[in-house]
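Take the sequence shown: its letters are residues 17 to 148, numbered as in my numbering.
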Amino acid sequence: GRLGPKGFTSRSLQSFQEDLDKGKVDHLMPVMNAKFLIEEGVIQPEDVPYMQRGGSWDNSDVKNAEKKEWNSIDKKFKEKEQQFRLDSVDWTGKKTRSGPTEPTKAATARAKATASIKGNKEHPKNIFFGWF
Numbered sequence: 017g018r019l020g021p022k023g024f025t026s027r028s029l030q031s032f033q034e035d036l037d038k039g040k041v042d043h044l045m046p047v048m049n050a051k052f053l054i055e056e057g058v059i060q061p062e063d064v065p066y067m068q069r070g071g072s073w074d075n076s077d078v079k080n081a082e083k084k085e086w087n088s089i090d091k092k093f094k095e096k097e098q099q100f101r102l103d104s105v106d107w108t109g110k111k112t113r114s115g116p117t118e119p120t121k122a123a124t125a126r127a128k129a130t131a132s133i134k135g136n137k138e139h140p141k142n143i144f145f146g147w148f
């Protein structure tokens with residue numbers, strides 16, 4: 017399963033920030049009446065931000081458009097994203113399952129402290145939202 021918005025392919029914020037600092041990219045603002053402007057020939061499809069057109073940040077979804085270059089961060093992000101998708105949810109039920117792990121010392125101590133606090137308090141049976 018894919019998480020987040022499903023209509024477009026994004027890139028990592030780190031990669032965007034570095035390219036922004038180098039002047040390779042700019043902030044994308046939505047285009048009003050984009051379909052009409054494209055039909056009239058005022059703008060090209062690649063001038064519409066990828067999130068608005070439901071495409072990809074590198075313009076790979078637009079025919080005859082200049083493709084944007086992937087840097088090393090983009091490639092690592094794509095690999096990690098694909099690995100996350102593979103590891104995230106076992107929709108088929110074929111992966112081996114494991115039960116709960118042993119509780120940590122801190123969790124055990126916290127549970128004992130909570131139990132001792134709860135055991136020492138006397139609560140009346142008729143409590144109205146803890147006020148009376």
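Just so you know, even glycine gets a beta-carbon here, dropped at the ideal spot from N, CA and C.
Please read all numbers here as calculations on a predicted model, not as lab measurements.
**OP:** Starting from residue 118, trace the alpha helix (DSSP H) both ways and give me its first and last residue.
**Re:** Counting along the chain, residue 118 falls outside any alpha helix (DSSP H), and DSSP gives it neither H nor E.
**OP:** With DSSP collapsed to three states, give me the class of residue 25.
**Re:** strand
**OP:** Pull up the CB-CB distance for residue 26 and residue 90, whole angstroms please, since I reckon it's below 8 Å.
**Re:** Incorrect: roughly 10 Å between the Cβ atoms, too far for contact.
Subject >> Sequence-distant residues of the same chain with beta carbon closer than 8 Å to residue 173, five excluded per side >> reply: Outside the displayed span of the chain (17 to 148) sits residue 173, for which this structure offers no information.
Original post:
How big is the Cα-Cα spacing for residue 43 and residue 96?
Top reply: 25 Å
**OP:** State the Cα-Cα distance for the pair residue 122 and residue 83, rounded to the nearest angstrom.
**Re:** 53 Å
Original post:
What is the DSSP secondary structure of residue 72, counted as helix, strand or coil?
Top reply: In the displayed model, residue 72 falls within a strand according to three-state DSSP.
Subject >> Residue from 78, 99, 131, 38 with nearest C-alpha to residue 54 >> reply: 78
Original post:
Would residue 71 be called buried (16 or more neighbouring beta carbons within 10 Å of its own) or exposed?
Top reply: buried
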